[in-house]
Amino acid sequence: MAEYINIKGQNIEVVASDPANPTVGQIWYNSTSNTLKGASVTTAGAWATGNNMNTARRGLGGAGIQTAALGFGGDIVPIVTGATEQYDGTSWATSNPMNTTRGFLASAGTQTTALAFGGGDAVGNNKNETEEYDGNSWVNSNPLNTARRAIAGCGTQTAALAFGGYDDLPNYSALTEEYDGTSWTSNPTGLNTARYGLAGAGIQTAALAFGGIDTAATGATEEYNGSTWTSNPTGLNTARYDLAGCGIQTAALAFGGGTPSTTGATELYDGSTWTTSPVSLNTTRWRSAAAGTQTSALAFGGETPPFSAATEEWTGAGSPLTVTITAS
767 MAEYINIKGQ NIEVVASDPA NPTVGQIWYN STSNTLKGAS VTTAGAWATG NNMNTARRGL
827 GGAGIQTAAL GFGGDIVPIV TGATEQYDGT SWATSNPMNT TRGFLASAGT QTTALAFGGG
887 DAVGNNKNET EEYDGNSWVN SNPLNTARRA IAGCGTQTAA LAFGGYDDLP NYSALTEEYD
947 GTSWTSNPTG LNTARYGLAG AGIQTAALAF GGIDTAATGA TEEYNGSTWT SNPTGLNTAR
1007 YDLAGCGIQT AALAFGGGTP STTGATELYD GSTWTTSPVS LNTTRWRSAA AGTQTSALAF
1067 GGETPPFSAA TEEWTGAGSP LTVTITAS
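The sequence shown begins at 767 in our numbering and counts up one residue at a time.
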């Protein structure tokens, strides 16, 4: 029988742990797990189950990337929480809580420079409080001009965008506000479709708003250029609200939500149209949080029901993938 060494002219590398950045086609033997492995790329996106959060909740905020994410706030009826947790790519660790407990808030930034704004308290009052996170604790900043919950946001701690939501009138809101690291400025030109329970992605000058509810679940998608919103006639394939999303304006990811029944449907946006992935969340839910990019995302928390602590990691098509080689 021909041996691999005679065919390829080299030995299979033996390692105690998988290489951090293997090249496509590379093969190695993991002596710890006693398995033969290789590096490939995904042909379709996939959700993989990770370790649970410490506090199950819905309507929480999320920031950061897949390997360095932040989850904070949320609703755990009959109370709301300010609980904050940091994810290192494997597990969640509890950090200092927010100053104002609330759920259905919006967020922006990274794990060490996050921004939390808006939301609602346990008895349905809307909040306008804004807080900045430095990787350890939260500091109060100037509030939103209009208090609202089920609001969306994106951007960074020093250049954030807040849009949509449910205000005190009460109204489905189209309001848009910009944050400069100190205070919020209202833009007289709001969303074309007023709604709450929507999701957002991108940066302050190139944002994306999608999904939500006005009188019913919507797939409405709009792009923001730093001044005005433009509606895309092609919306989400699955109209839904209380969904989660991440990424940038030209490469966004949407998942979960209510139709009104909960869904795990996952869609990808290329700057023009949404494409439905053949793979859905393993745990169907709504009111969850998101972090990361279109090709490397994190979904956490939400409501299935009951309240969820589930964490899932998304690997997009064409991303590096380690596979175990077995006889067939």
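The beta-carbon is built from N, C-alpha and C at its ideal position, and this holds for glycine as well.
In this structure G890 is exposed. Its beta-carbon is surrounded by fewer than 16 other beta-carbon atoms within 10 angstroms. Under the three-state reduction of DSSP, L927 is assigned to strand. One thing to note: K803 has its Cβ within 8 Å of the Cβ of I1091. Take the alpha-carbon of S903 and the one of Q1060: they are about 28 Å apart. Ranked by how close their Cα comes to the Cα of T850, the residues P844, T860, R823 have T860 in first place.
Going by DSSP, E944 is part of the beta strand (DSSP E) stretching over 942-945.
Judged by DSSP secondary structure, V905 falls within the beta strand (DSSP E) whose first and last residues are 904-907.
Burial is judged here by how many other beta carbons sit within 10 angstroms of a residue's own beta carbon; V846 has at least 16 and is buried.
If you look at I969, you'll find it in the beta strand (DSSP E) that goes 965-969. Minimum Cα-Cα distance from A916 among the listed residues D841, W858, Q877 corresponds to D841. If you check the CB distance, G1030 and T1050 come in under 8 Å. In this structure L1009 is buried. Its beta-carbon is surrounded by 16 or more other beta-carbon atoms within 10 angstroms.
Within the same chain, Cβ atoms closer than 8 Å to the Cβ of Y795 are found at I778, E779, V780, V781, T801, L802, K803, the five residues on either side in sequence being excluded. Under the 10 Å beta carbon count, D854 is surrounded by fewer than 16 other beta carbons and is classified as exposed. Remark: C-beta atoms of L1064 and Q1015 do not approach each other more closely than 8 Å. Considered as a whole, the segment 851-915 harbours 858-861, 872-875, 880-883, 896-899, 904-907 as its complete beta strand (DSSP E) runs of no fewer than 3 residues, in chain order. A888 is positioned such that its CB atom lies no closer than 8 Å to that of P936.
Counting the other CB atoms within 10 Å of its CB gives T867 a total of 16 or more, which places it among the buried residues. Within the same chain, Cβ atoms closer than 7 Å to the Cβ of L1047 are found at W813, F1021, G1022, G1030, T1032, A1065, E1078, the five residues on either side in sequence being excluded. Here A965 is buried. Its C-beta has 16 or more other C-beta atoms within 10 Å.
Looking from the CA of T1028, the closest CA among G1082, S993, Y945, F1073 belongs to F1073. If the five residues before and after N991 are omitted, its C-beta is found closer than 6 Å to no C-beta atom of its own chain. L935 sits in coil when the DSSP states are folded into three classes, being neither helix nor strand. Residue pairing of V781 in beta bridges, as defined by DSSP: N796.
In its chain, beyond the 5 residues on either side, A983, R1006 have a beta carbon closer than 6 Å to the beta carbon of T1025.
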